[in-house]
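Working notes, structure below.
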Amino acid sequence: MINRAHKIAMNFETMEQGDVPQGRNGKHKQVVTQILSDLDQLPEGAALKVPLADLEESKENVRSALNRAVHKGKRKVATASDAEFLYVWNEVE
0 MINRAHKIAM NFETMEQGDV PQGRNGKHKQ VVTQILSDLD QLPEGAALKV
50 PLADLEESKE NVRSALNRAV HKGKRKVATA SDAEFLYVWN EVE
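Residue numbering for the sequence shown follows numbering that gives the first Met the number 0, beginning at 0 and increasing consecutively.
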């Protein structure tokens, strides 16, 4: 049986569970939200042209975050890129 008198020091701070943030606002949230908003308004046959120079994160990280968001929302979105732009469009079903 373990002797509770000898407590091992904790490694991390503690806090009340009620104070724990429940939402996750990742560092890509703003750009992904903007892209999804623009996709909602995008006419069929058109694509968004997102300048890579304006992205705070790498093209790969933004594309991954966008991919997670569209799968969560059960949307069909395609992407492509070149040296200057990330292209995003709604896939026609």
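Glycine is no exception: its CB is placed at the ideal position from the N, C-alpha and C atoms. Please read these numbers as outputs of a predicted model, since none were measured by experiment.
In this structure, 85 is the residue among 85, 70, 19 and 7 with its C-alpha nearest to the C-alpha of residue 56. Residue 77 has 88 as its beta-bridge partners, per DSSP. Each residue's CA atom was taken as its position, placing residue 34 and residue 58 some 13 Å apart. Around the CB of residue 10, fewer than 16 other CB atoms lie within 10 Å, so the residue is classed as exposed.
Between the C-alpha atoms of residue 80 and residue 50 there is a straight-line separation of about 10 Å.
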